[in-house]
Amino acid sequence: QVFGMELVGCLFSRNWNIREMALRRLSHDVSGALLLANGESTGNSGSNGRSSPSAGASGSSQTSISGDVVEACCNVLSMVCADPVYKVYVAALKTLRAMLVYTPCHSLAERIKLQRLLRPVVDTILVKCADA
Numbered sequence: 001q002v003f004g005m006e007l008v009g010c011l012f013s014r015n016w017n018i019r020e021m022a023l024r025r026l027s028h029d030v031s032g033a034l035l036l037a038n039g040e041s042t043g044n045s046g047s048n049g050r051s052s053p054s055a056g057a058s059g060s061s062q063t064s065i066s067g068d069v070v071e072a073c074c075n076v077l078s079m080v081c082a083d084p085v086y087k088v089y090v091a092a093l094k095t096l097r098a099m100l101v102y103t104p105c106h107s108l109a110e111r112i113k114l115q116r117l118l119r120p121v122v123d124t125i126l127v128k129c130a131d132a
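For the sequence shown, full-length UniProt numbering assigns the number 132 to the last residue and increments by one with no breaks.
1) Between S27 and T124, is the Cβ-Cβ spacing less than 8 Å?
2) Is the CB-CB distance between V2 and A98 below 8 Å?
3) Classify A33 as helix, strand or coil using the three-state DSSP reduction.
4) Please go through the same chain and pick out, in chain order, the residues whose beta-carbon is closer than 8 Å to the beta-carbon of L23, but skip the five residues on each side of it.
5) Put H106 into one of helix, strand or coil per three-state DSSP.
6) According to DSSP, is D83 part of a helix, a strand, or is it coil?
7) From S13 to H106, what does the alpha carbon distance come to, in whole angstroms?
8) Can you list, in chain order, the residues of its chain with a C-beta nearer than 8 Å to that of N15? Leave out the 5 residues immediately preceding and following it.
9) Along the chain, where does the alpha helix (DSSP H) that runs through V2 open and close?
The structure is reproduced here in C-alpha cells:
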C-alpha cells in the first residue's frame, strides 16, 4: 500500500530484469519519500509525474510517514535480499543503503525501532552469505 501495487507486482515477477528495475525504482521512491518526510527538498523529485508516498506530509505526520516507509521497505528487503539472482541481490543491497542514508535515527527509541525493523533484513543477508 505504501509503494503501490504495480511496484509490488514487479518485485514478484518471474523475470529478474523486472525485479531489478523495481528495486531501483523502490530505492528512488524511498529516498525521495524520506527526504520529503524529513523536510528536505529533492530538487526534481516531483517532475516525473509519479506521486511520492509522503506527498503532502507536514508536522507530526512526517515521523509517521517516515516510519511507514522504512517499515514497508524493510518488509520488502527481507524478502528480496534472498533473491537467487546476483544482480537483484545487489540492487536490494543498494536499496538498503539508500534507505539507511535518509532514515533519521537521533534518539534511543528511533534506534531501537530501526534495529527491530532491520533484524529480518540482516538475518536474510546472513543466511544468503552462509549459503554461498
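Just so you know, even glycine gets a beta-carbon here, dropped at the ideal spot from N, CA and C.
Note that the coordinates shown come from a computational prediction; the quantities given were computed from them, not determined experimentally.
Let me lay it out:
1) no
2) no
3) helix
4) L11, V80, V88, A91, A92, K94 and T95
5) coil
6) Three-state result, D83: coil.
7) 37 Å
8) The answer is none, since no qualifying residue turns up.
9) Note, V2: premise wrong, no alpha helix (DSSP H); not H, not E.
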